[in-house]
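Asks: In the working numbering, the protein residues as written are 4 to 388. Glycine included, C-beta positions come from ideal geometry on N, C-alpha and C. Here the structure is a predicted model, which is why all the values come from computation and not from measurement. Once you've had a glance at the structure underneath, I'll fire off some questions.
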Ligand SMILES: NC(=O)c1ccc[n+]([C@@H]2O[C@H](COP(=O)([O-])OP(=O)(O)OC[C@H]3O[C@@H](n4cnc5c(N)ncnc54)[C@H](O)[C@@H]3O)[C@@H](O)[C@H]2O)c1
Ligand SMILES: [Zn+2]
Ligand SMILES: [Zn+2]
């Protein structure tokens with residue numbers, strides 16, 4: 004079958020690979036009908052997350068069940084399913100505590116309590132490096148789905164792929180950021196980053212009770228999408244200018260909540276890049292630092308943008324003085340997915356309005372390039388195998 008294979012930074016190819024096979028009685032094989040490219044894929048694509056051997060990418064996908072292992076009684080051939088990006092067993096301590104992303108069984112080689120840079124990571128992820136389990140991903144014609152009796156959710160007949168595809172990742176991720184912030188109602192929520200994740204956080208903010216939603220980005224066309232798809236006010240830029248603008252909009256206090264939906268690949272100059280490399284930092288915490296400055300005293304900073312290493316000059320004293328609440332990490336998709344599916348089916352939210360490109364799987368190399376380089380108005384790409 005055809006699949007998107009990562010070889011080295013900026014080099015991915017659509018190639019023939021072996022068809023996936025049932026390896027465990029709890030596996031299913033899913034024929035992929037739609038798959039998306041995520042900002043998280045760009046960390047591998049740009050070499051910020053290392054991957055030594057070639058690997059099939061992709062953790063946002065849905066499709067039709069082709070075959071099930073003999074212990075999977077919840078699915079049958081022909082079912083349409085959407086699959087959460089974390090691979091979770093459903094039976095371990097963390098799965099029982101609604102933290103599937105920390106599953107103790109899905110990443111046997113590299114799992115551990117430490118969360119180090121290159122060791123003791125969390126649970127397995129589809130198509131997300133050997134450190135996260137080495138599973139082939141879903142940017143392919145078909146994919147093996149482990150623990151298929153726990154992760155995949157059936158999609159009702161008649162609902163187009165696009166309407167439910169983002170339940171795999173970005174819609175639960177945006178939702179998680181706001182759930183972590185624990186809004187009481189009427190808050191001003193500033194979301195750093197108007198990429199797919201930031202846009203989902205903005206949509207979630209309204210539904211969870213925000214009184215005002217502000218999107219921040221350095222790309223004008225993404226701010227336009229924030230205004231159009233998430234009804235957000237927008238601020239263009241980064242650093243001092245953004246901090247001042249948000250304080251000006253909030254009687255000098257700062258926003259009640261500042262979501263970091265940028266992560267470590269925030270835009271920085273060459274000098275700062277060199278300094279980060281010297282300190283063995285993957286990327287930068289620039290966007291997070293701006294969020295910490297722009298949030299009000301006693302506010303919340305949910306961090307869904309991904310970070311990979313330790314970072315020098317982390318402003319702990321400022322965080323302490325301002326008395327901030329933090330919650331960071333990958334989203335526990337299994338925990339949110341059913342109620343978020345319901346919101347879509349009831350028409351309370353639309354998530355597919357951020358799709359700017361639908362392309363055949365064979366065009367993946369170009370799709371990665373335009374998404375990474377922010378060309379051609381690209382916000383979110385869906386690939387069709
Ligand atoms: N926590 C999770 O479970 C989870 C899930 C999916 C994605 N992510 C992460 O979320 C982040 C965003 O993902 P995405 O798909 O939206 O990616 P993206 O790269 O499309 O979006 C990032 C946006 O940030 C903007 N940006 C760059 N520097 C900025 C700055 N200094 N200030 C403000 N905006 C800036 C970019 O222009 C871009 O629009 C990534 O780090 C991704 O890995 C996390
Ligand atoms: Zn993703
Ligand atoms: Zn588990």
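Would you kindly check if the distance between the Cβ of residue 218 and the Cβ of residue 235 is under 8 angstroms?
Replies: yes
Asks: Let me know if residue 43 comes out buried or exposed under the rule of 16 or more other beta-carbons within 10 Å of its beta-carbon.
Replies: buried
Asks: Does the structure place the segment 67-74 close enough to the segment 104-124 that three or more beta carbon pairs sit under 8 angstroms?
Replies: no
Asks: Alpha carbons only, please: which of 342, 365, 268, 302 is nearest the one belonging to residue 48?
Replies: 268
Asks: Quick one: give me the first and last residue of the beta strand (DSSP E) that residue 299 is part of.
Replies: 298-306
Asks: Quick one: give me the first and last residue of the beta strand (DSSP E) that residue 68 is part of.
Replies: 63-71
Asks: Can you check whether the CB of residue 180 is closer than 8 angstroms to the CB of residue 202?
Replies: no
Asks: Is the separation between the beta-carbon of residue 382 and that of residue 88 shorter than 8 angstroms?
Replies: no
Asks: Answer with buried or exposed for residue 128, where buried requires no fewer than 16 other C-beta atoms within 10 angstroms of its C-beta.
Replies: buried
Asks: From this set, 220, 101, 224, which residue's C-alpha is nearest residue 379's C-alpha?
Replies: The option with the nearest alpha carbon to residue 379 is 224.
Asks: At 4 residues or longer, and completely inside the segment 187-215: list those alpha helix (DSSP H) runs for me, N to C.
Replies: 199-210
Asks: May I ask whether a heavy atom of ligand 2 can be found less than 7 angstroms away from the beta carbon of residue 106?
Replies: no
Asks: Nearest-angstrom Cα distance between residue 366 and residue 356?
Replies: 21 angstroms
Asks: Would you say residue 334 and residue 132 are within 8 angstroms of each other, going by their C-beta atoms?
Replies: no
Asks: Compare the Cα-Cα distances from residue 210 to each of 353, 305, 373 and report the closest residue.
Replies: 353
Asks: Which residue marks the beginning of the beta strand (DSSP E) containing residue 9, and which one marks its end?
Replies: 5-11
Asks: Classify residue 185 as buried or exposed, calling it buried when 16 or more other Cβ atoms lie within 10 Å of its own Cβ.
Replies: Looking at its Cβ environment, which holds fewer than 16 other Cβ atoms inside 10 Å, residue 185 is exposed.
Asks: Mind pulling the alpha helix (DSSP H) runs of 4 or more residues that sit fully within the segment 304-329?
Replies: 319-325
Asks: Helix, strand or coil, according to DSSP, for residue 339 in the structure here?
Replies: helix
Asks: Please list the terminal residues of the continuous alpha helix (DSSP H) segment that includes residue 269.
Replies: Taken as a continuous stretch (DSSP letters only), residue 269 belongs to no alpha helix (DSSP H), as it is neither H nor E.
Asks: Between which two residues does the alpha helix (DSSP H) carrying residue 226 extend?
Replies: 223-233
Asks: Return yes when at least one heavy atom of ligand 2 lies under 7 angstroms from the C-beta of residue 74, else no.
Replies: no
Asks: On a CA-only basis, which of 360, 90, 54, 364 is nearest residue 172? Give me that one, please.
Replies: A check of alpha carbon separations from residue 172 across 360, 90, 54, 364 identifies 90 as the nearest.
Asks: Could you compute how far the alpha carbon of residue 321 sits from the alpha carbon of residue 283?
Replies: 24 angstroms
Asks: Would you say residue 291 lies against chain D (beta-carbon separation less than 8 angstroms)?
Replies: Of the protein chains in the structure, only one exists, and it is not chain D.
Asks: Based on the DSSP secondary-structure assignment, which residues constitute the bridge partners of residue 157?
Replies: For residue 157, which the question treats as bridged, DSSP gives the partners 84.
Asks: Please confirm whether residue 297 and residue 216 have their CB atoms less than 8 angstroms apart.
Replies: no
Asks: Let me know the beta strand (DSSP E) ranges lying completely inside the segment 102-183, each 3 residues or longer, listed in chain order.
Replies: 145-148
Asks: At a cut-off of 7 angstroms, is residue 172 close to ligand 2 when judged by its beta-carbon and the heavy atoms of the ligand?
Replies: yes
Asks: State the DSSP-derived secondary structure class of residue 92, mapped to helix, strand or coil.
Replies: coil
Asks: Please name the residue in 125, 165, 97, 75 whose C-alpha comes closest to that of residue 151.
Replies: 75
Asks: Specify, as a first and last residue, the run of the alpha helix (DSSP H) that residue 45 falls within.
Replies: 42-48
Asks: Starting from residue 245, trace the alpha helix (DSSP H) both ways and give me its first and last residue.
Replies: 243-252
Asks: Taking buried to mean at least 16 other C-beta atoms within 10 Å of its own C-beta, is residue 313 buried or exposed?
Replies: exposed
Asks: How would you label residue 241, buried or exposed, when you count the other beta carbons within 10 angstroms and need 16 or more for buried?
Replies: It counts as buried.
Asks: Could you pull out every residue in the same chain whose Cβ sits closer than 7 angstroms to the Cβ of residue 265, ignoring the five residues on either side in sequence?
Replies: 195, 196, 290, 308
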